[in-house]
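Those sequence lines, one after another, are chains A and B. For the record, in the first sequence the residue sitting at position 13 is 13 according to this note's numbering, with numbers rising by one throughout. For the record, in the second sequence the residue sitting at position 60 is 258 according to this note's numbering, with numbers rising by one throughout. Ideal Cβ placement from N, Cα and C applies to all residues, glycine included. If you're wondering where the values come from, they're calculated on a predicted model, not measured in any experiment.
There are 2 protein chains.
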Amino acid sequence: MQVSVLFSGGKDSSLAAILLEPFFDVELVTCSFSLLPVGDIARETAENLGFAHRVVRLDMPVLEKAYAMVIKDGFPKNAINYIHSAAVERLAKDADVNFIADGIRRDDRVPVLDISRIRSIEDRNGVHYMSPLKGYGRAAVNELVDRYLVIEEDQSDNVIKADYETELREMIRQKDGPEKINDVFPAHVQSHVIERKS
Amino acid sequence: MQVSVLFSGGKDSSLAAILLEPFFDVELVTCSFSLLPVGDIARETAENLGFAHRVVRLDMPVLEKAYAMVIKDGFPKNAINYIHSAAVERLAKDADVNFIADGIRRDDRVPVLDISRIRSIEDRNGVHYMSPLKGYGRAAVNELVDRYLVIEEDQSDNVIKADYETELREMIRQKDGPEKINDVFPAHVQSHVIERKS
């Protein structure tokens, strides 16, 4: 059985892949709008982890709509959830994909898919959507990350990652200038995975 | 790192243990009020699966209170949740236990612990509570069970299992007679694990 794990290069999606590895053939999938070379960045991390990797292009109107949402809201939650939902839907329509996974944790507030949306995606597309970390709290995730991964953590504007936020920030930068980014994205710590611990 | 997995001998707690096995030293723990020999039944299943196993005695007042709840409510949800919560609390107070896991799935409505209760147990006792199947829907669980486990399924009154329901039903039988059981426990399909698929 193959599982396609939505992969940002961060610790959560990396750990999700590691937890699935004994039971599935894991491929990591990074979604990108091609606004920044996030696919290449994620590929390098995926290779360091020893997983197959591919980049899936998401349509630019999805990012345009997410941009409109974050500007209107003044905070990124709904925009990030919208992109995540579009990414899962995009994978679910892939004829070769039966199991889709992501790195959402128990304590995450964003991104998150509500249960009605999950069941709709599963039923319409005949796929299984899984969040292997959904039953793990932050502290348990950190214990496992510490055991299996070498990571670097820094403020979000210093870490190059392949998550949805990265290209959404870039679109804001292009349209409204860099100072606008800080209006809607509060600074927070991001993680980037270097390699596995041996 | 050792994890203590609450174990009923059913497919969900067995699968939870199997998903944790590559990453933790797994011990299966069956909670019992000693009203029925459910610990012995679970031990046999645990041995078939190749996991360490122990039985933990829960205090009879817990079962008495659960009995009062199910009789008052007319349905078992709150009583089962109460016993489950007491079982997790009991394990959390064990000085040797740092990680506690159970077999709760995404689509389960009972037993389930709400997030406030989980965080309270974790913070008060310095433990990590994990539900490895919480991010898996019923269909995905069934695919994995089918791959890794040989099970038998039957109506609940025909399957001898070591779950909370078994001893709660027995207390109702002793106090109110067997016909009362069907008033509060709707018949439903239960699973019992035989062994692993090789």
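What does residue 335 of chain B reach in chain A if we use C-beta pairs closer than 8 angstroms? In the second sequence, the residue the question calls residue 335 of chain B occupies position 137. Neighbours of residue 335 of chain B on chain A, chain order: 118, 119, 122, 128, 129, 130.
If you draw a straight line from the C-alpha of residue 190 of chain A to the C-alpha of residue 300 of chain B, how long is it? In the first sequence, the residue the question calls residue 190 of chain A occupies position 190. In the second sequence, the residue the question calls residue 300 of chain B occupies position 102. Those two C-alpha atoms are separated by around 30 angstroms.
Where residue 373 of chain B falls, given that 16 or more other Cβ within 10 Å makes a residue buried: As a working mapping, residue 373 of chain B is identified with position 175 in the second sequence. That one is exposed.
Separation of residue 41 of chain A from residue 298 of chain B, as counted between CA atoms: Counting from one through the second sequence, the residue named residue 298 of chain B turns up at place 100. Counting from one through the first sequence, the residue named residue 41 of chain A turns up at place 41. Spanning the two alpha carbons is a distance of roughly 36 angstroms.
Would DSSP call residue 129 of chain A helix, strand or coil? Position 129 of the first sequence, counted from the start, is the residue given in the question as residue 129 of chain A. Residue 129 of chain A: strand per DSSP, three-state reduction.
Between residue 333 of chain B and residue 130 of chain A, is the Cβ-Cβ spacing less than 8 angstroms? Here the question's residue 333 of chain B lines up with position 135 in the second sequence. Here the question's residue 130 of chain A lines up with position 130 in the first sequence. It is a contact, given that the beta carbons lie within the stated cut-off.
Indicate the three-state DSSP secondary structure (helix, strand or coil) for residue 255 of chain B in the structure shown. Within the second sequence, numbered from 1, the residue matching residue 255 of chain B stands at position 57. Three-state result, residue 255 of chain B: strand.
Consult DSSP for residue 344 of chain B and reduce its assignment to one of helix, strand or coil. The count along the second sequence starts at 1 and reaches residue 344 of chain B at position 146. Looking at residue 344 of chain B - three-state DSSP - the assignment turns out to be helix.
For residue 297 of chain B, which beta-bridge partners are listed by DSSP? Residue 297 of chain B sits at position 99 when you count from the first residue of the second sequence. Note: residue 297 of chain B sits in a beta bridge opposite B/201, B/326.
Decide yes or no for the touch test of the stretch 211-231 of chain B against the stretch 245-256 of chain B: beta carbon pairs closer than 8 angstroms, at least 3 of them. yes
Closest by CA to residue 347 of chain B, which one among B/204, B/202, B/210? Taking the first residue of the second sequence as position 1, residue 347 of chain B is located at position 149. Checking every option, the nearest Cα to that of residue 347 of chain B belongs to B/210.
So does the stretch 110-122 of chain A actually touch the stretch 288-295 of chain B, counting three or more Cβ pairs closer than 8 angstroms? no
Classification of residue 10 of chain A by the beta-carbon crowding that lies within 10 angstroms, buried from 16 upward: As a first step, residue 10 of chain A must be located in the first sequence, where it is residue number 10. That one is buried.
Could you check how far apart the C-beta atoms of residue 138 of chain A and residue 105 of chain A are, in whole angstroms? I think they sit under 8 angstroms. Counting from 1 along the first sequence, the entry for residue 138 of chain A is found at position 138. Counting from 1 along the first sequence, the entry for residue 105 of chain A is found at position 105. Contact flag correct, Cβ pair sits at about 7 angstroms.
From A/45, A/1, A/8, A/4, residue whose alpha carbon lies closest to that of residue 166 of chain A: Sequence index remark: in the first sequence, residue 166 of chain A carries index 166 (1-based). Out of A/45, A/1, A/8, A/4, A/8 has the C-alpha closest to the C-alpha of residue 166 of chain A.
Give me the residue from A/169, A/14, A/121 with the minimum Cα distance to residue 196 of chain A. Position 196 of the first sequence, counted from the start, is the residue given in the question as residue 196 of chain A. Ranking the options by Cα distance to residue 196 of chain A, first place goes to A/14.
Where does residue 302 of chain B fall in DSSP's three states? In the second sequence, residue 302 of chain B corresponds to position 104, counting from 1. The answer is coil: DSSP assigns residue 302 of chain B none of H, G, I, E or B.
Among residues of its own chain, excluding the 5 on either side of residue 267 of chain B, which ones have a beta-carbon nearer than 8 angstroms to its beta-carbon? Here residue 267 of chain B is taken as the residue at index 69 of the second sequence, counted from 1. Once the five neighbours on either side are set aside, the close Cβ partners of residue 267 of chain B are 276, 277, 280.
Starting from the C-beta of residue 230 of chain B, find all residues in its chain whose C-beta is less than 6 angstroms away, skip the five residues before and the five after it, and write them out in chain order. The sequence position of residue 230 of chain B within the second sequence is 32, counting from 1. Cβ neighbours of residue 230 of chain B beyond the five flanking positions: 236, 237, 253.
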